[in-house]
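Step one of this worksheet: look at the structure below.
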Amino acid sequence: MIPLPAPNGIHARFAVLAPDVFRLRVGRENGPATPPSGAVVDRPAPEVSATVRRSRTGIRISTASGEFHWNGRTCAWELMDRRGLVAFRSRGGSPGFDHEGRPGFALELADREALFGMGEGTGILDRRGTVREFWNIDVLGHAPAIHPALSSLYVAIPFALSLRDGRAAGLFWDNPGRQRWDLGATDPRLWDLRAGTGIIDLFLILGPTVESVVRGYSRLTGTMPMPPEWALGYHQSRYSYETQARVEAVAREFRRRDLPCDALYLDIHHMDGYRVFTVGKGFPDLPAMTRRLARNGIRTVAIVDPGVKDDPRFPVLRRGRRRKAFVEAPGGTGDHVGRVWPGASRFPDFLDPAVRTWWGDEQRALLDQGIDGIWNDMNEPADFDRPDKTLPPEARHHTGDGVHLHAAVHNLYGQAMAQASRDGLLRHRPGQRPFVVTRAGYAGIQRHAIVWTGDTSSHWEHLREAVPMLLNLSLSGVPFCGGDVGGFLGNASAELFVRWLQFAAFTPFLRNRSTLGARDQEPWADGPEVEAVARETLRLRYQLIPYLYGLVRQAADTGEPVMRPLRWHHANDPVAVACNTQFLVGRDLLVAPVLEPGCPSRSVYLPNDVWYEFWTGERRVGGRPVLADTPLDRIPIYVRAGGLLPLAPVRNSTREPDGHTVALHLWQGHEGSLNRYEADGE
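My numbering puts the last residue of the sequence shown at 757; the count rises by one with no breaks.
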């Protein structure tokens, strides 16, 4: 790294990782040690040609893509592209540290600059004018089910994609402690970034396109691995299917009613007193159940929470204590004991590589009984005993690189648990693609797990927010994501359930889930009319799996998302750039879900191109809105002229009635292409 001149007490360095990717690292001299990055993939940097010019006041570092300026007296800096257009410019005296040693800096916001990404968040797609706090929380412990202004959720990814003057750039602050970003909420012309601990470790990416920024960020933090193909199917869950008999009855109903389904989930009631990796009396022969489900094409996924019941007779606890596997209490005075579903509980120290190995081996107790996938929940981590609902800030973690306080690594906890789950599956089922779902994560979570958006509510507001939430997650390097169809908390009306299912049929992860005490939410629960619509919606999803499978392969290779905002392919169309209620699936499919009750039609903006109405084949010229009819059994879908869609024939509730036969649908246009990927699915 290139040393930068700085005032006394400040230590600053700069690195050119690629012509368009840079790293700025600013800390205090003799400051505390920083934890190892759980986000950045450790890859050798290629040789990069850069020119360094020093002056009395600072330094200029130039590459073929841009130029970085640093003022050694004020620590002010700016990054420009090769045309001299500013990507980021700091305010004078920034970056720096306050009187308590907390790092922070401020950036100038340009007129009409828009900000996207930042992982999971509520609100519209453009995050400018909001406050985002990166601190993973169990939302139900902090706010009512409906809360439009939550600044924190389950997944903290401090990566922003800036779009100004038609050109994109990216900023990632690798700091897994608490961060607070004021994105022009207090001062409309200022983006203020603060952290509670650590140093300033910035990765800066020049575009000029949204696509090139996301690709650059994905090179830094890694891309998703290929999931098993059944991950793209329909999944059914609830809190809880409490007995083996109930699970098997639900499976029979799916097949009897000719409804496709690839996975059923076991929530916490499958355990013996909520003890992790155990099976309770309600499941007297779990191996026989999983075998029967598998013969019918249904996989079984089990929930795994991090809290280990503090019961001296519990073998998992005893083995963990012998290995010193749990997070230590403040001051190192023994293990921290909190409270979650099992009651008094200890928390595995997943930041310790040896503990991750141990946990992945304990997981084998479920795998040996036929469990196909692992669902990590409560891994922010949640602790019911504390007002902040998580571990004490002074709790101690052993990271393999020294001891670090929980406040400095909090957002890494859920990610490290997902890593333990995935690595354990790879060890004990070599040759099979692991299936792991997580609620909590940090930058780079895509390397370890699918992300679902946690405990939503059965309200139209949460359906509306699901569109920009999943798009921003996708722009944050997490291409395989989804939310609970119908909402988790409360009772979804029949209309809300249908509209949510129709939307989710085009998201990468498709799962229906409802809560304890809510009425049934399976596709047949609202009567024959809703069941018929659900059947046709799910059949369309299964027809699209060859198309989705190719997009997932592309995401695994490059980081390009499956779900894309319209601006991804239409950055020069100002209406498309501002669109919050529509999205693209790949390049060729435009989806406009119905997000309001009682709508016989909705306005759909077609970007500058030629489009075909999916259901009728009607040709439309883009660059203008159209009014689309929205009867209950249909949502607006359009295909780009030149689009190629491989569709699988689906004649019954099993996935592949004709093996791997697909029909290639060609939509007349001047130009089209298709990346077709096929494998054994496992």
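Even for Gly, the Cβ is constructed at its ideal location relative to N, Cα and C.
Quick one: grab the DSSP three-state call for residue i.
| i | result |
| --- | --- |
| LEU702 | strand |
| ASP458 | coil |
| THR528 | coil |
| TYR617 | helix |
| GLY516 | strand |
| GLY216 | In this predicted model, GLY216 has a pLDDT of only 43, less than 50, meaning its place in the structure is not dependable; the value taken from the coordinates is given anyway. Residue state, collapsed to three classes: helix. |
| PHE401 | strand |
| PRO111 | coil |
| LEU279 | strand |
| MET193 | coil |
| LEU228 | coil |
| ARG694 | strand |
| SER165 | strand |
| LEU184 | coil |
| PRO732 | Residue placement at PRO732 is flagged as unreliable, the pLDDT there being 49, under the threshold of 50; the coordinate-derived value follows with that caveat. Here PRO732 sits in coil by DSSP. |
| GLY562 | coil |
| TRP145 | strand |
| ALA541 | helix |
| GLY744 | coil |
| VAL511 | strand |
Within 10 angstroms of the Cβ of residue i, are there 16 or more other Cβ atoms? Answer buried if so, exposed if not.
| i | result |
| --- | --- |
| TRP450 | buried |
| MET346 | buried |
| GLU437 | buried |
| THR138 | buried |
| ARG124 | For the record, residue 124 in the displayed sequence is Ser; it is not Arg. Burial call: exposed. |
| LYS384 | buried |
| THR126 | exposed |
| LEU702 | exposed |
| ALA218 | Only weak support exists for where ALA218 lies, its pLDDT of 41 falling under 50; the coordinates are left without a value. |
| ARG118 | exposed |
| LYS464 | buried |
| GLY561 | buried |
| ASP249 | buried |
| ASN647 | exposed |
| THR132 | exposed |
| ARG176 | In the sequence as presented, Arg is not what sits at residue 176; that position holds Gly. The residue is exposed, with fewer than 16 neighbouring Cβ atoms inside 10 Å. |
| GLU604 | exposed |
| ASN750 | exposed |
| GLN743 | exposed |
Got a sec? Which residues, its chain only, sit under 7 Å from residue i by beta carbon, not counting five neighbours each side?
| i | result |
| --- | --- |
| PRO608 | The amino acid at residue 608 is misidentified as Pro; the sequence shows Val. Taken in chain order, the residues that qualify are VAL573, LEU707 and ASP708. |
| VAL650 | TYR680 |
| VAL91 | PHE97, VAL123, ALA125, ILE136 and THR138 |
| GLU746 | GLY717 |
Within its chain, find whatever has a CB closer than 6 Å to the CB of residue i; leave out the 5 residues flanking it on each side and keep chain order.
| i | result |
| --- | --- |
| GLN490 | GLY113, GLY516, TYR517 and ILE520 |
| PRO543 | ILE199, LEU200 and ASN655 |
| PRO621 | PRO721, ALA723 and VAL737 |
| GLN254 | PHE209, PRO233 and ALA270 |
| ALA440 | PHE352 |
| PRO251 | VAL484, ASN486, LEU487 and TYR517 |
| GLY216 | Because the pLDDT at GLY216 is just 43, under 50, the model does not fix this residue reliably, and the point stays unresolved. |
| ALA667 | GLN657, VAL679 and PRO711 |
| HIS222 | With a pLDDT of 43 at HIS222, under the threshold of 50, the modelled position of that residue is not reliable, and no figure is offered here. |
| ALA220 | In this prediction, ALA220 scores a pLDDT of 41, lower than 50, which makes its location untrustworthy; no coordinate-derived value is stated. |
Keeping to the same chain, check which residues put their C-beta closer than 8 Å to that of residue i; ignore five residues upstream and five downstream.
| i | result |
| --- | --- |
| ARG461 | GLY413 and PRO467 |
| PHE555 | MET299, PRO302, ALA306, GLN521, ILE525, VAL526, PRO583, PHE584, VAL627, ALA630 and VAL637 |
| GLU731 | With a pLDDT of only 49 at GLU731, under the threshold of 50, the placement of this residue in the model should not be trusted; the figure read from the coordinates follows. Only ALA723 meet the Cβ criterion. |
With DSSP as the reference, please indicate the residues paired to residue i in a beta bridge.
| i | result |
| --- | --- |
| THR375 | LEU339 |
| ALA723 | Note: ALA723 sits in no beta bridge, so no partner. |
| ARG269 | GLY179 and ARG255 |
| SER676 | ASP704 |
| MET76 | Its beta-bridge partners do not exist; DSSP assigns none. |
| VAL478 | HIS473 |
| GLU688 | TYR713 |
| SER237 | LEU190 and ALA244 |
| THR126 | SER137 |
| ARG586 | HIS310 and ASP559 |
| GLU208 | ARG255 |
| GLY102 | HIS86 |
| LEU664 | VAL660 and VAL714 |
| field | Complete runs of the beta strand (DSSP E) confined to the region 282-370 [at least 3 residues] | value | 309-311 and 338-341
| field | Contiguous alpha helix (DSSP H) assignments of at least 4 residues, all confined to the region 408-471 | value | Entirely contained in the region 408-471, the alpha helix (DSSP H) runs reaching 4 residues are, in chain order, 428-437 and 439-442.
| said: At 3 residues or longer, what runs of the beta strand (DSSP E) sit wholly inside the region 616-658? | reply: You should have found no qualifying run.
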